[in-house]
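*Asks:*
2 protein chains.
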Amino acid sequence: MTNIKDLAKLAGVSVTTVSRVLNDHPYVSKEKRDAVLKAIEATNYYKNINAVHLSKGKTNMMGVVVPFIDHTYFAFLIKGIAKQALKNNYKLVLFQTEYQKERELEALEMLKLKQIDSLIFCSRACDFAIIEEHMSFGPIVLCEHIEGKRISSSYVNQYNVFFEALEYLFEKGHHRIGYSIGRRTGTNSYEREMAYRDFLTKYQLPLHQEYIIDGCLYFEDSEKVMKRIKQMAKPPTALLITSDQVAAGIVTYCQANGIAIPEELSIIGFDNQPIAKMMNITTIDIPLFEMGENLFLQAVAEEISNKEMSVKLIERGTA
Amino acid sequence: MTNIKDLAKLAGVSVTTVSRVLNDHPYVSKEKRDAVLKAIEATNYYKNINAVHLSKGKTNMMGVVVPFIDHTYFAFLIKGIAKQALKNNYKLVLFQTEYQKERELEALEMLKLKQIDSLIFCSRACDFAIIEEHMSFGPIVLCEHIEGKRISSSYVNQYNVFFEALEYLFEKGHHRIGYSIGRRTGTNSYEREMAYRDFLTKYQLPLHQEYIIDGCLYFEDSEKVMKRIKQMAKPPTALLITSDQVAAGIVTYCQANGIAIPEELSIIGFDNQPIAKMMNITTIDIPLFEMGENLFLQAVAEEISNKEMSVKLIERGTA
DNA sequence: TTGTACGCGTTATCAG
DNA sequence: CTGATAACGCGTACAA
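Note that the protein sequences, when read in sequence, are chains A and B.
Once you know that position 254 of the first sequence is 253 in numbering that gives the first Met the number 0, the rest is easy, because the numbers rise by one and skip nothing.
Once you know that position 5 of the second sequence is 4 in numbering that gives the first Met the number 0, the rest is easy, because the numbers rise by one and skip nothing.
1. Any beta-carbon of chain A closer than 8 angstroms to the one on B/His52?
2. I think A/Asp116 touches A/Thr58, with their Cβ atoms under 8 angstroms apart; what is that distance to the nearest whole Å?
3. Output the distance between the C-alpha atoms of B/Val64 and A/Asn156, rounded to the nearest integer angstrom.
4. Should A/Glu146 and A/Cys125 be called a contact, given that it needs their Cβ atoms to be closer than 8 angstroms?
5. Out of curiosity, what's the CA-to-CA distance linking A/Tyr26 and B/Glu108?
6. For B/Leu93, go through chain A and note every residue whose CB falls closer than 7 angstroms to its CB, in chain order.
7. Below 8 angstroms, can you find three or more Cβ-Cβ pairs linking the stretch 123-141 of chain B to the stretch 69-77 of chain B?
8. Which residues mark the beginning and the end of the alpha helix (DSSP H) in which B/Val250 is found?
9. Check the Cβ of B/Pro273 against every Cβ in chain A and list those closer than 8 angstroms, keeping chain order.
10. At what residues does the alpha helix (DSSP H) containing B/Lys113 begin and finish?
11. What's the gap between the Cα of B/Gly185 and the Cα of B/Leu85?
12. Considering only their Cβ atoms, is the gap separating B/Ile313 from B/Pro235 smaller than 8 angstroms?
13. What residues from chain A crowd round B/Gln254, counting only those whose CB sits closer than 8 angstroms?
14. Of all the residues that make up the stretch 289-301 of chain B, which are near chain A by a beta-carbon distance shorter than 9 angstroms?
15. Buried or exposed: B/Asp243, going by 16 or more other Cβ atoms within 10 Å of its Cβ?
16. Alpha carbon to alpha carbon, how far is A/Gln254 from A/Lys229? Give it in angstroms, no decimals.
17. Residues of chain B with a CB under 7 angstroms from the CB of A/Tyr45: which are they?
18. Between B/Asn305 and B/His144, how many whole angstroms is the CB-CB distance? I'm expecting something under 8 angstroms.
19. Can you tell me whether DSSP reads B/Gln95 as helix, strand or coil?
20. Who does B/Thr282 pair with in a DSSP beta bridge?
21. For B/Tyr98, I'd like the list of residues in its chain whose CB is within less than 6 angstroms of its CB, leaving aside the five on either flank, ordered along the chain.
22. Please check if any C-beta of chain A sits within less than 8 angstroms of the C-beta of B/Asp243.
23. Out of curiosity, what's the CA-to-CA distance linking B/Thr15 and A/Tyr154?
24. Comparing alpha-carbon positions, which option in B/Thr251, B/Phe161, B/Ala41 and B/Ala275 lies nearest B/Ala194?
25. Buried or exposed: where does A/Ser151 fall if 16 or more other Cβ atoms within 10 Å of its Cβ makes it buried?
26. What number of angstroms, rounded off, separates the C-alpha of A/Leu112 from the C-alpha of B/Tyr167?
27. Pick helix, strand or coil for B/Lys90, following the three-state DSSP scheme.
28. Is the Cβ-Cβ distance between A/Leu294 and A/Val140 less than 8 angstroms?
29. Answer yes or no: does any C-beta atom of chain B fall closer than 8 angstroms to that of A/Asn49?
30. Considering only residues of the same chain and omitting the five flanking positions on each side of B/Asp1, which have a CB-CB separation below 7 angstroms?
31. Express the C-alpha separation of A/Asn256 and A/Gln114 in angstroms, rounding to a whole number.
32. Residues in the same chain with beta-carbon distance under 7 angstroms from A/Arg149, minus the five sequence neighbours each way, listed in chain order, please.
33. Between which two residues does the beta strand (DSSP E) carrying A/Leu239 extend?
34. Select from the stretch 78-89 of chain B all residues with a C-beta closer than 8 angstroms to any C-beta belonging to chain A, and list them in chain order.
35. If we ignore side chains and look at the alpha-carbon of each, how far apart do B/Tyr210 and B/Cys121 end up?
36. With 8 angstroms set as the bound, which would you pick, yes or no: does the beta-carbon of A/Met193 sit closer than that to a beta-carbon of chain B?
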C-alpha cells in the first residue's frame with residue numbers, strides 16, 4: 000500500500016508538500032502540485048483515514064443511540080440526523096440499545112475513546128449522572144428537557160402537549176380518558192404522566208391505573224390495547240396513543256370489529272406520520288425530521304443549546 | 000490526556016509491558032501488572048482507539064448500506080446484523096443512500112480508506128462493476144444472487160418465490176394478477192419480473208404493464224395502488240404485494256371502502272411481518288432477521304459463501 | 001519475563 | 001513557497 004512518503008519520493012517533493020496538495024492547502028507551486036497529482040495517479044494512492052484520525056484527534060463520526068431501529072419514531076429522527084450528517088460530511092455510528100444500559104455505556108465509551116466525535120441520545124435508560132460523566136469527552140445531545148443541566152437537547156414539551164390533548168378530549172365530552180405509551184420510565188414519559196395526573200386533578204376525575212397502557216410501540220401492539228380495554232368494566236371513551244403506528248392499529252382493529260370511531264372510541268395519535276394522514280387519524284404533529292436535523296447540528300456546535308420543538312394538534316376524523 | 004508512555008513512566012515499566020497488561024497478553028509478572036493497573040487507576044487513563052486502528056490496520060467497524068432506514072424490511076435486516084455485531088464486538092456505520100449512487104460510493108470509499116473493515120449492501124443502485132473494483136479492500140456482502148460472481152451473499156430466490164405465489168393465486172382461479180414493488184430496477188426486482196413474465200407465458204395470459212405498480216414501499220403507498228386499480232377497466236383480481244406494510248395498507252383501505260377481501264380482491268404480502276399476522280394477511284415468510292445475522296457473519300468470514308434463505312407461503316385470510 | 005526501538009500514515013510547526 | 005521533523009498513541013519484532 001502506497002503512502003504519502005512514497006508519493007513524496009516519487010514526485011520528488013517532501014511529504015509536507017504532498018499533504019498540502021492532498022488537503023488543498025495553499026502555498027504550493029503548480030509544478031510541484033502537478034508532480035504530486037501525477038504520482039497519485041500513477042500509484043492509485045488513497046489515504047489511510049485512521050492515520051488522519053489519529054493525527055487530528057477527530058473522526059467525523061457521530062454516534063446515534065436508539066432503543067429500536069425498527070420503530071418509526073426513531074427512524075424519522077435518524078432520517079433527519081442522516082440528512083445533516085451527509086451535508087456536513089459526518090458518518091453515523093448506530094447503537095441499538097433495546098434500553099440496555101450496557102449498550103448505552105458502549106456508546107459513551109466510544110466517545111471517550113475518541114472513536115466518535117459526539118453522541119446523540121434519542122432515548123436512554125441510563126442515569127443522567129452517567130451521561131454527565133462523559134460530557135467532557137465530547138458533545139452529547141439529548142431528546143429530552145432536563146431542568147437545570149447544561150446539556151444540549153431538542154425536545155418536545157411533553158407536559159404541555161399531553162395536557163392540551165387531554166383538554167381537547169375533555170371539551171369533546173370525554174371524562175374517561177386513557178393513554179398508551181412505549182414505556183413508563185424516562186423523562187418524557189414522566190412528563191406525560193404528570194400532565195395526566197394534573198389533568199385528572201384539575202377536573203376532579205378519578206385515576207384508573209389500568210387506563211395507562213404500557214409497552215405500546217408498534218402497529219401490532221394495538222391488539223394488546225384493545226384487548227385490555229375490552230376487559231374493563233368501565234373502559235375509557237377516548238385514548239391518547241403516543242405513536243401513530245399504534246393508533247393506526249387501533250383504528251384498523253376497530254374497523255374490523257365494528258367499533259365506531261370516534262363515536263364509541265376517540266383516538267388521538269402522536270407524530271403525524273404519513274399513516275395518520277392516510278387513515279385520517281387526529282394526531283399531534285411533531286416535526287421529527289426537523290428535530291433530527293437539530294440534534295445533529297447541536298452535536299457539532301460549540302455551544303450548548305436547548306430547542307423546544309413546536310407541535311400542534313391536527314384535527315382529523317378520530318377524535 | 001495521558002497515554003501509554005505516561006503510564007509506563009508512572010509504573011516504572013516499559014510501554015510494551017503496559018500494552019501487554021492493557022491487552023491481557025501473557026508474560027508479565029504480577030508485580031508489574033499491578034503497578035501498571037495502579038497507574039491506570041491513578042490517571043484514569045483510556046486508550047485512544049484511533050491509534051489502535053492505525054497500528055492494527057483494522058477498526059472493527061462494519062458498514063451497512065440501506066436505501067431507506069425507515070423501511071421495515073431494512074429495519075429487520077439491520078436488527079439481525081446488529082445482533083451479531085454486538086456479539087462479535089463490531090460497530091455499525093449506517094449509510095442511508097436513497098438509492099443515490101454517490102452515497103453508495105461513499106460507503107465503498109470508506110472501505111477503501113480502511114475506516115470500515117467490511118461492507119454489507121442490503122440493496123444497491125450502482126453497477127456491480129463498481130462493487131467489484133472495491134472487493135480487494137475488504138469483504139463485501141450482498142443481498143442478491145449474482146450468477147458467476149465470487150462474492151458473498153444472503154438472498155432469497157425471488158424468481159421461485161414469485162412464481163410459486165403466482166401459481167398459488169392461479170390455482171385459486173385468478174387469471175388477472177398484478178403486483179406492487181419498491182422499484183423496477185435491481186437484481187431482485189428483475190428476477191421477480193422474469194417470474195411474472197414466465198408465469199404469464201406458461202398460462203398464456205396477457206401482459207398488462209399497468210398491473211405492475213412501482214414505488215410501493217410504505218403503508219401509505221397502498222392508497223396509490225388502490226387508486227391505480229380503480230381506474231382500470233379490467234382491474235386485477237389478485238395482487239402480490241412485495242411488502243407487508245403495503246399489504247396492510249391495502250387491507251385497511253379495502254375495509255374502509257367496503258371492498259371484500261379476498262372475494263373481490265386477493266392479497267399476498269411479503270416478509271411475514273408482525274403486522275401481517277395481526278391483520279391475518281396471507282404472506283411469504285422471509286427470515287429477515289436471520290438473513291441479517293447471516294450477512295454479518297459472512298462479512299467477517301474469510302471465505303466467500305452464498306446462502307439462499309428458505310421462505311414459505313403463510314396461508315391466512317387474504318388470498 | 002522485560003524493554004528498546006521502530007512502524008503505522010498523516011498533519012502541524014517552524015525554520016528557511 | 002518548501003521541507004525537515006516532531007508529534008499523534010499504540011502494537012510488536014527483536015534483542016536481551
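Glycine included, C-beta positions come from ideal geometry on N, C-alpha and C.
Keep in mind the model is a prediction, meaning the values are calculated, not measured.
*Replies:* The relevant details are as follows:
1. Mapped onto the second sequence, residue 52 of chain B falls at position 53. Judged by the 8 angstroms Cβ criterion, B/His52 is in contact with chain A.
2. Taking the first residue of the first sequence as position 1, residue 116 of chain A is located at position 117. Taking the first residue of the first sequence as position 1, residue 58 of chain A is located at position 59. Yes, A/Asp116 and A/Thr58 are in contact; Cβ-Cβ is about 6 angstroms, under 8 angstroms.
3. As a position in the second sequence, residue 64 of chain B is number 65, starting the count at 1. As a position in the first sequence, residue 156 of chain A is number 157, starting the count at 1. Roughly 34 angstroms between the two C-alpha positions.
4. Locating residue 146 of chain A in the first sequence gives position 147, where the first residue counts as 1. Locating residue 125 of chain A in the first sequence gives position 126, where the first residue counts as 1. Taking 8 angstroms as the Cβ cut-off, A/Glu146 and A/Cys125 do not qualify as a contacting pair.
5. Position 27 of the first sequence holds residue 26 of chain A. Position 109 of the second sequence holds residue 108 of chain B. Cα to Cα, the separation comes out at about 28 angstroms.
6. Residue 93 of chain B sits at position 94 when you count from the first residue of the second sequence. Within 7 angstroms Cβ-Cβ: Leu91 and Leu93.
7. no
8. Counted from its first residue, the second sequence places residue 250 of chain B at position 251. Segment Asp243 to Ala255, the alpha helix (DSSP H) holding B/Val250.
9. Position 274 of the second sequence, counted from the start, is the residue given in the question as residue 273 of chain B. Going along chain A in sequence order, the residues near B/Pro273 (Cβ under 8 angstroms) are Tyr217, Phe218 and Glu219.
10. As a working note, residue 113 of chain B is residue 114 in the second sequence. Premise fails: B/Lys113 is in no alpha helix (DSSP H) and is neither H nor E.
11. Position 186 of the second sequence, counted from the first residue, corresponds to residue 185 of chain B. Position 86 of the second sequence, counted from the first residue, corresponds to residue 85 of chain B. Each residue's alpha carbon lies about 30 angstroms from the other.
12. Position 236 of the second sequence, counting from 1, holds the residue named residue 235 of chain B. Position 314 of the second sequence, counting from 1, holds the residue named residue 313 of chain B. No, the pair does not count as a contact, with Cβ atoms beyond the cut-off.
13. In the second sequence, the residue the question calls residue 254 of chain B occupies position 255. Those are Thr251, Gln254 and Ala255, listed as they occur along chain A.
14. none
15. By one-based count along the second sequence, residue 243 of chain B stands at place 244. Classification for B/Asp243: buried.
16. Within the first sequence, residue 229 of chain A is the residue found at index 230, counting from 1. Within the first sequence, residue 254 of chain A is the residue found at index 255, counting from 1. In a straight line, the C-alpha of A/Lys229 is about 15 angstroms away from that of A/Gln254.
17. The sequence position of residue 45 of chain A within the first sequence is 46, counting from 1. What A/Tyr45 touches in chain B: Lys111 and Leu112.
18. To locate residue 305 of chain B, count along the second sequence from 1; it is residue 306. To locate residue 144 of chain B, count along the second sequence from 1; it is residue 145. Indeed, because the Cβ distance is near 7 angstroms, the residues count as touching under 8 angstroms.
19. For the purposes of this step, residue 95 of chain B is identified with residue 96 of the second sequence, where counting begins at 1. Reduced to three states, the DSSP call for B/Gln95 is strand.
20. Here residue 282 of chain B refers to the residue found at position 283 of the second sequence. B/Gly268 and B/Ile313.
21. Taking the first residue of the second sequence as position 1, residue 98 of chain B is located at position 99. Result list for B/Tyr98: Pro66 and Ala124, in chain order.
22. Residue mapping note: residue 243 of chain B aligns to position 244 of the second sequence, counting from 1. It does not; no Cβ of chain A falls within 8 angstroms.
23. Within the second sequence, numbered from 1, the residue matching residue 15 of chain B stands at position 16. Within the first sequence, numbered from 1, the residue matching residue 154 of chain A stands at position 155. One C-alpha to the other measures close to 48 angstroms.
24. Against the second sequence, residue 194 of chain B aligns to sequence position 195. Per the Cα distances, B/Phe161.
25. Position 152 of the first sequence, counted from the start, is the residue given in the question as residue 151 of chain A. With 16 or more other Cβ atoms within 10 Å, it is buried.
26. By one-based count along the first sequence, residue 112 of chain A stands at place 113. By one-based count along the second sequence, residue 167 of chain B stands at place 168. Rounded to the nearest angstrom, the two C-alpha atoms are 56 angstroms apart.
27. In the second sequence, counting from the first residue as 1, residue 90 of chain B sits at position 91. Note: B/Lys90 maps to strand in three-state DSSP.
28. Taking the first residue of the first sequence as 1, we reach residue 294 of chain A at position 295. Taking the first residue of the first sequence as 1, we reach residue 140 of chain A at position 141. Contact flag set, yes.
29. Translated into the one-based positions of the first sequence, residue 49 of chain A becomes position 50. Chain B, which has a Cβ nearer than 8 angstroms to the Cβ of A/Asn49, makes this yes.
30. Stepping through the second sequence from its first residue, residue 1 of chain B is reached at position 2. Looking at the sequence shown, residue 1 of chain B is not Asp but Thr. The answer, listed in chain order, is Thr42 and Tyr44.
31. Here residue 114 of chain A refers to the residue found at position 115 when the first sequence is read from its first residue. Here residue 256 of chain A refers to the residue found at position 257 when the first sequence is read from its first residue. For A/Gln114 and A/Asn256, the distance between alpha carbons rounds to 52 angstroms.
32. The residue you call residue 149 of chain A lines up with position 150 of the first sequence. The answer, listed in chain order, is Ile303.
33. Looking up residue 239 of chain A in the first sequence gives position 240. Run containing A/Leu239: Ala237 to Ile240, per the beta strand (DSSP E) assignment.
34. Lys78, Ala81 and Leu85
35. As a working note, residue 210 of chain B is residue 211 in the second sequence. As a working note, residue 121 of chain B is residue 122 in the second sequence. B/Tyr210 and B/Cys121: Cα-Cα distance of roughly 27 angstroms.
36. The residue given as residue 193 of chain A occupies position 194 in the first sequence. Taking Cβ atoms only, chain B never reaches closer than 8 angstroms to A/Met193, which makes this a no.
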